[in-house]
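Same order as they appear, the protein sequences are chains A and B. According to my numbering, numbering within the first sequence proceeds without interruption in unit steps and concludes at 405. According to my numbering, numbering within the second sequence proceeds without interruption in unit steps and concludes at 400.
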Amino acid sequence: MDAKLITDLDALEDLAPQWDALAIANEQPSCAPVWLLAWLKQLAPGTPGLRLVAVHDGDELIGIAPFFLDTERSGRVDYRLLGAELGSRLAPLAAASREWEVAGAVAGALAEANPRPDLIALEGVPPGSPWLIALRNQWPGRIPPLSSLYNVRGSPTVQLRGSFADWLATRSSSFRKNHRRRSRMLTEAGGAIRLGTIQTLSNDISALMRLHAERWSGRGTSSLVAQGDRFTAMLEAAGRELTPSGRFRIWLVEIDGQPIWANLFLAAGGELLAVNSGWDERWRKLSPATLGMVRAIEDAFERGERRLDLGIGEDPYKLEFADGDDPVGWGMLIPSGRRMALTILRTSPMLLNSAARRTAKRTLTPERIDALRGLRRRLRP
Amino acid sequence: MITSQIIDDLPSAEKLYPQWDELAIDNALPMSSPAWMLAWWRHLAPHGAQLRIVAVHDRDRLIGLAPLYCESPRRGRPTTYRLLAANFSTSVAPVALRDRAWEVATAIDSALVDADPRPDLIALEPTPLDSPWLLALRDRWPGAVRPLVFQYDLQSMPVVSLHDDSLETWLTRRSAKFRSGMRRLERLLGEEGGATRLSTQQTLTEDIASFARLHAQRWRGRGQSRLSALGDRLSATLIDVGQALLDDERSDASGGPRLRLRIIEIAGETICADFSIAGGGEIVGFNLGWDERFKRLSPPLLAFLEQIRQGFSCEDRCFQLGWGSNAYKRRFANGDAPVAWNLMLPAGSRLPIALGHTAPLAGSAWMRERGKRLFTTEQIDRLRPLARRMPR
Chain A
25 MDAKLITDLD
35 ALEDLAPQWD
45 ALAIANEQPS
55 CAPVWLLAWL
65 KQLAPGTPGL
75 RLVAVHDGDE
85 LIGIAPFFLD
95 TERSGRVDYR
105 LLGAELGSRL
115 APLAAASREW
125 EVAGAVAGAL
135 AEANPRPDLI
145 ALEGVPPGSP
155 WLIALRNQWP
165 GRIPPLSSLY
175 NVRGSPTVQL
185 RGSFADWLAT
195 RSSSFRKNHR
205 RRSRMLTEAG
215 GAIRLGTIQT
225 LSNDISALMR
235 LHAERWSGRG
245 TSSLVAQGDR
255 FTAMLEAAGR
265 ELTPSGRFRI
275 WLVEIDGQPI
285 WANLFLAAGG
295 ELLAVNSGWD
305 ERWRKLSPAT
315 LGMVRAIEDA
325 FERGERRLDL
335 GIGEDPYKLE
345 FADGDDPVGW
355 GMLIPSGRRM
365 ALTILRTSPM
375 LLNSAARRTA
385 KRTLTPERID
395 ALRGLRRRLR
405 P
Chain B
9 MITSQIIDDL
19 PSAEKLYPQW
29 DELAIDNALP
39 MSSPAWMLAW
49 WRHLAPHGAQ
59 LRIVAVHDRD
69 RLIGLAPLYC
79 ESPRRGRPTT
89 YRLLAANFST
99 SVAPVALRDR
109 AWEVATAIDS
119 ALVDADPRPD
129 LIALEPTPLD
139 SPWLLALRDR
149 WPGAVRPLVF
159 QYDLQSMPVV
169 SLHDDSLETW
179 LTRRSAKFRS
189 GMRRLERLLG
199 EEGGATRLST
209 QQTLTEDIAS
219 FARLHAQRWR
229 GRGQSRLSAL
239 GDRLSATLID
249 VGQALLDDER
259 SDASGGPRLR
269 LRIIEIAGET
279 ICADFSIAGG
289 GEIVGFNLGW
299 DERFKRLSPP
309 LLAFLEQIRQ
319 GFSCEDRCFQ
329 LGWGSNAYKR
339 RFANGDAPVA
349 WNLMLPAGSR
359 LPIALGHTAP
369 LAGSAWMRER
379 GKRLFTTEQI
389 DRLRPLARRM
399 PR
């Protein structure tokens, strides 16, 4: 077994097909190389410094830990997973039953990486995933790294078992009745639901970005809107590669050819991930998000997919569909070394903040939490 | 509508059998099945233990289950809840429908908070390292303060991943030496007139007796076998498990036989018995016994190969070889699925008692980890006999 630290983007070309096969085998659409490398090229904070550990057994790629170097946060040397700021499910990848072995090789490579990591962040990983423990346990040296899983957030899911008709039958009668009524209204209004194609890709991405920005207007900051054209460029790059195989899907609801809802999905290995969406509030009475999502679910059934991950956050519209929850966690490792004390000091405000949030959730009513959130928003400069 | 209920008697637990078994299969946890756990409870439960299974329903459907029991309460000791068959299994855990573990954990916690007696310590051991239960149960525990959790042991568990297309493809990934060695052993067995077979309803009792006898023989003069020390209760438990798993009505029709008691015979005499169980694509090796007079045939290796062959034909995904990286396991293994020993200590007035009770465990775990980092493998091997002589 051989672990290699790759810092040069060009060296990844040969690796991409096997890396993609691991993303499919692990059912992790947002860990596909096309998606993550598009993010690295267009959106990575600061000067992107690739620090990807590829683990081979002979000629076979059995694991990949795609990190990048982030020195922008508090002057620390952070190793973060590619795509960390997109807020979706991420993880290192390994062949079946080889996570532990791969983690040992990754730990060895990271411990000798240049610059030496002050902190290794595993953001958006499933809390039950063995990576945090496996990396800590097998980190070389006399003192193990400090590890902490400091945040867990829900990610509602829809199980796609049986047929679409079976699934629809599990919804409440009022859901089904409203869906039929809204579908009729959409047809009467000259509307249609369609899946974007490679030919319509650019227009569909523009529609998605416009609707997403409109939805956020006056509601605070959307990190995607803040990225502006760079996010559009990332979607264009990924979409060109993945649309033909059906792994990059933009579903749209249109009225007279004008998009009123758009949602981007990624797919791999039977898993469908809802990445982001936007909709025109003027068409609220039609509930375009519900109409579009039901159509996307029907399509997923037709393709034989097994699960729809609605993405991080338990928003009410997601809970309308969800029949499960597969949370994701935020964890970190702080390796021992000269800068360990400083790193602990620098991360402690974040950890304290996280602990305070957790305690508030455990002790206060949802109304009080909402009131506190409002207060915090008003106090922020 | 999610409801949780504590089941404290065997007849009520048995009523849950079909739905519980379905969950164990969905979770690919054969040792968390009712066949395994309830057999253990009937024959091997510690004296004075009380059944405390938490069943979580969504309307009429069982969506999750924490198969727990409460150790006999003793003055000055924490009230400890453990998973059924924990000391008899390679890997056990609560079970839930896919993506409902966290929701089920909320219901389990609210039931445990009100349980009688209230747990001071909940042991989740030995559970798969990738199991979400420890974090979920800690996160969803009611009250202002989360329970303390710690992991005091972690053991490697070599596995054979059966993701290749066929046994032949899998064999091509092994070394030429391994392939020729296995071919030679199979030829030798054939020349001796040997054959392998799976245990059936008709042969079960006799096969279990052979397993127990061969296992005891293998340990003779080698120290104490935990299984042999159980005496007749071992056979009774395994027969109980076998009968449940061989029962047609209860077996997993889609995934091949649930009981994989593999027997190797020469001229009608059993020379090896490998007891494994299966469910949800996972084959879990429990233990084996073999006759040393047939050492030249390496019966354990032949039994493993047969289990793997059967796994491929039943489209299983993985064969767990049990804890510890023994050399014979490493010859087959192409992966590792470690298991962890975890403790959860809810806050409360009795927390100091639980802390006092677990402190030596935590201390020894800390020492072991430091030891592994500070000393070489040879130094550790030299230190082991010394540690064994120390009073416990």
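Each residue gets a CB set at the ideal place from its N, CA and C atoms; glycine is no exception.
Asked	Found
Exposure label - V130(A); buried when at least 16 CB within 10 Å	buried
W307(A) (DSSP reduced to helix, strand or coil)	helix
Any chain B beta carbon closer than 8 Å to V130(A)	no
Backbone secondary structure at R185(A) - three-state DSSP	coil
Status (buried if at least 16 other CB within 10 Å, exposed otherwise) for R401(A)	exposed
Neighbourhood of D44(A) by C-beta distance below 6 Å, restricted to the same chain and skipping five residues each side	A56, P57
Integer Cβ distance of S171(A) from L357(A), believed to fall under 8 Å	5 Å
C-beta neighbour in chain A for V103(B), strict 8 Å	no
CB of G152(A) within 8 Å of CB of P140(B), strictly	yes
Reduced DSSP secondary structure (H/G/I, E/B, other) of D161(B)	strand
Contact with chain B by P165(A), beta-carbon distance below 8 Å	As written in the sequence, residue 165(A) is Gly, which differs from the Pro given in the question. Chain B contact via Cβ: present.
Where R270(B) falls: helix, strand or coil (DSSP)	strand
Under 7 Å (Cβ pairs) to chain A, residues found in the segment 99 to 131 of chain B	R106, D107, R108, W110, E111
Local conformation of A291(A) per DSSP, three classes	strand
Span separating the alpha-carbon of L276(A) from that of A346(A)	21 Å
Cross-chain neighbours of S311(A) in chain B, by beta carbon under 9 Å	Within 9 Å Cβ-Cβ: nothing; S311(A) doesn't reach chain B, min ~25 Å.
Residues from the segment 170 to 188 of chain A in contact with chain B, defined by Cβ distance under 8 Å	L173, V176, G178, T181, Q183
For T383(A) and R392(A), the rounded distance between their alpha carbons	13 Å
Simplified DSSP state of L238(B), which is helix, strand or coil	helix
Euclidean distance between Cα positions of L394(B) and R234(B)	22 Å
Rounded separation between D173(B) and R338(B) - CA only	21 Å
Min CB distance D43(A) to chain B below 8 Å	Correcting the residue type first, residue 43(A) is Trp in the shown sequence and not Asp. Chain B contact via Cβ: absent.
Within chain B, the residues that T389(A) reaches when beta carbons sit closer than 7 Å	Chain B residues near T389(A): none, gap ~13 Å exceeds 7 Å.
Contact with chain B by S230(A), beta-carbon distance below 8 Å	no
C-beta contact flag for G73(A) and L60(A) at 8 Å	no
Any C-beta of chain A under 8 Å from that of P155(B)	no
C-beta atoms of L297(A) and P53(A) nearer than 8 Å	yes
Start and end residues, beta strand (DSSP E) containing I144(A)	143 to 149
Rounded straight-line distance, which links the Cα of A311(B) to that of F186(B)	15 Å
Assigned exposure category for R400(B) - 16 Cβ within 10 Å defines buried	Confidence in R400(B) is poor, its pLDDT being 49 and thus under 50, which makes the residue's placement unreliable; the coordinate value appears in the next sentence. Classification of R400(B): exposed, given that the 10 Å Cβ count is below 16.
Contact with chain A by V167(B), beta-carbon distance below 8 Å	yes
CA-to-CA distance, L46(B) to I247(B), given in whole angstroms	12 Å
Reduced DSSP secondary structure (H/G/I, E/B, other) of S301(A)	strand
Three-state secondary structure (DSSP) of P166(B)	strand
Inside the segment 258 to 292 of chain A only - alpha helix (DSSP H) runs reaching at least 4 residues	none
Supposed contact pair A286(A) and G302(A) - C-beta distance, whole angstroms, cut 8 Å	6 Å
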